[in-house]
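Asker: Take this structure, written in structure tokens, and hold onto it; I'll ask about it next.
Protein chains: 2
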Amino acid sequence: MYGTYHKETTMAVLRNYPADLDPRVIDVIGRVADKWTMIVLDVLSEHGELRFSKLAQLASGISQKMLTQTVRQLERDGLVIRTIHPVIPPKVEYRLTDLGVSLAEALCGVWVWAAHNVDRIAASRRNYDNRSGD
Amino acid sequence: MYGTYHKETTMAVLRNYPADLDPRVIDVIGRVADKWTMIVLDVLSEHGELRFSKLAQLASGISQKMLTQTVRQLERDGLVIRTIHPVIPPKVEYRLTDLGVSLAEALCGVWVWAAHNVDRIAASRRNYDNRSGD
DNA sequence: GTGCCTACTTCCCAACGGTAACCGGCAATT
DNA sequence: AATTGCCGGTTACCGTTGGGAAGTAGGCAC
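Taken in order, these protein sequences are the chains called A and B.
Be aware that the first sequence starts at 1, since it is given in UniProt numbering, and climbs by one per residue.
Be aware that the second sequence starts at 1, since it is given in UniProt numbering, and climbs by one per residue.
Put into structure tokens, the structure is as follows:
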């Protein structure tokens, strides 16, 4: 395929379109499969309604920019409700919708898996890196 | 925090370290929460052992570069086994380890959720975008 | 010698994410 | 009156990541 005579690369070209994975589902997965998205959802599901700054404190290491961007996407996708209280100084609260709660539940299994297998993964990495270091 | 007098941004600074989320677990989540990782794991769990090119065909839209990179990471983390058959032309096969299978099972719930809620999310986005377009 | 096969690697460029600074609007302090 | 502080954001800059396309290895078929 790719080589001197092959003018296109993305493997969509040689594929006979297996119709295996629905592109709309892929798109949703692309949104969900994001580190900050998963962390924000997890924090909100554990702590309930939170203000911006509190959410920032609990979502380990996130920058303001990414937090704003992440919650905006979640709001757009109907996973989070953003409530603006018109006071000075500003007060904005975030909480999961029912849809957001259902996603958080689905993601829970992944968090449990990760917590349960941290050591195994770390061991595998050490092993791999040692073999490479020959 | 951030402002004229604030010299640092990443919110780790103002945080009193809630010790809520284990950084090692966060790291694992950071690896798993990746579009191509999730797709490759899904394809391998559905089709069993696959060659590089077949995997590329089934993983909708992935580039060679990202496929190579993704399977290398999965191999390093002990989720995938990479078997090189020393023949010409080259033949390399990939399959999930038991650990990889267990992760694919945990991710299955997310795929089901995504497939089940595609329409709801699309509707929410249309709604959000229309309100913005005032 | 030229073409071909597969699984990569490399180059270039566009998009993403982090860092840190700036903003708005009002109230309390100096 | 001017400065400081509060909170939830933008904005500018810049290094890293990811995509597209072409190049590579190395042996076999023509």
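No residue lacks a Cβ here, since even glycine has one placed at the ideal position from N, Cα and C.
Throw me the rounded Cβ distance for the LEU58/B and ASP20/A pair, which I believe falls under 8 Å.
Answerer: At roughly 6 Å, the Cβ-Cβ gap stays under 8 Å, so LEU58/B and ASP20/A are in contact.
Asker: Flag ARG125/A as yes if its beta-carbon sits less than 8 Å from any beta-carbon of chain B, otherwise no.
Answerer: Chain B contact via Cβ: present.
Asker: Just reading off the beta strand (DSSP E) that THR68/B is part of, what are its end residues?
Answerer: Per DSSP, THR68/B belongs to no beta strand (DSSP E); it is in the alpha helix (DSSP H), 64-76.
Asker: Helix, strand or coil, according to DSSP, for ILE26/B in the structure here?
Answerer: Three-state DSSP puts ILE26/B in a helix.
Asker: Can you list, in chain order, the residues of its chain with a C-beta nearer than 6 Å to that of ILE84/A? Leave out the 5 residues immediately preceding and following it.
Answerer: Excluding sequence neighbours, ILE84/A sits near VAL92.
Asker: At what residues does the beta strand (DSSP E) containing ILE88/B begin and finish?
Answerer: ILE88/B -> no beta strand (DSSP E), and no H or E assigned at all.
Asker: ASP34/A touches chain B at which residues, Cβ-Cβ below 9 Å?
Answerer: ALA33, ASP34 and LYS35, listed in chain order.
Asker: Which residues in chain A have a C-beta closer than 8 Å to the C-beta of ALA96/B? List them in chain order.
Answerer: Residue 96/B is actually Leu in this sequence, not Ala. Chain A residues near LEU96/B: none, gap ~13 Å exceeds 8 Å.
Asker: At which residues does the alpha helix (DSSP H) containing residue 193/A begin and terminate?
Answerer: Summary: the structure shown does not reach residue 193/A, with chain A confined to residues 1 through 134, and so no result is reported for it.
Asker: Assign ALA104/A to one of two classes, buried (16 or more other C-beta atoms within 10 Å of its C-beta) or exposed (fewer than that).
Answerer: With 16 or more Cβ atoms within 10 Å of its Cβ, ALA104/A is classed as buried.
Asker: What is the rounded straight-line gap between the Cα of residue 149/B and the Cα of ARG131/B?
Answerer: Outside the shown range of chain B (1 to 134) lies residue 149/B, about which nothing can therefore be said.
Asker: Do three or more CB pairs link the region 107-115 of chain A to the region 38-46 of chain A at distances below 8 Å?
Answerer: Touching, yes.
Asker: Per DSSP, GLU93/A forms a beta bridge with which residues?
Answerer: Paired residue(s): ARG51/A and THR83/A.
Asker: Using the Cα positions of MET38/A and ALA33/B, report the straight-line distance between them to the nearest angstrom.
Answerer: Roughly 8 Å between the two C-alpha positions.
Asker: If the criterion is Cβ atoms closer than 8 Å, does the pair LEU96/A and ARG120/B meet it?
Answerer: Not closer than 8 Å, so no.
Asker: DSSP state of LEU21/A, grouped into three classes?
Answerer: Three-state result, LEU21/A: coil.
Asker: For ALA114/B, decide whether its Cβ has a neighbour in chain A, counting only Cβ atoms nearer than 8 Å.
Answerer: So, interface residue.
Asker: May I ask which residues mark the beginning and end of the alpha helix (DSSP H) holding residue 162/B?
Answerer: Past the edges of chain B, shown from 1 to 134, lies residue 162/B, and the structure says nothing about it.
Asker: For a test of your reading of the model: does the CB of HIS85/A fall under 7 Å from any non-hydrogen atom of the ligand GDP? Yes or no.
Answerer: In the structure on display, the ligand GDP does not appear, and there are no ligands present to speak of.
Asker: Can you grab the Cα-Cα spacing for the pair ALA126/A / ALA122/B, in whole Å?
Answerer: Note that residue 126/A is Arg in the sequence shown here, rather than Ala. If you take the alpha carbons of ARG126/A and ALA122/B, they lie about 43 Å apart.
Asker: Closer than 7 Å by beta-carbon distance: list the chain B residues that pair up with MET38/A, in chain order.
Answerer: Near MET38/A (Cβ distances below 7 Å), the residues of chain B are ILE29 and ALA33.
Asker: By Cβ distance, which residues of its chain are closer than 8 Å to GLY48/B, with the 5 residues on each side in sequence left out?
Answerer: Counting only Cβ-Cβ distances below 8 Å, and skipping sequence neighbours, we find ARG95.
Asker: Taking 8 Å as the cut-off, decide whether the C-beta atoms of GLN69/B and ALA56/B are in contact.
Answerer: Taking 8 Å as the Cβ cut-off, GLN69/B and ALA56/B do not qualify as a contacting pair.
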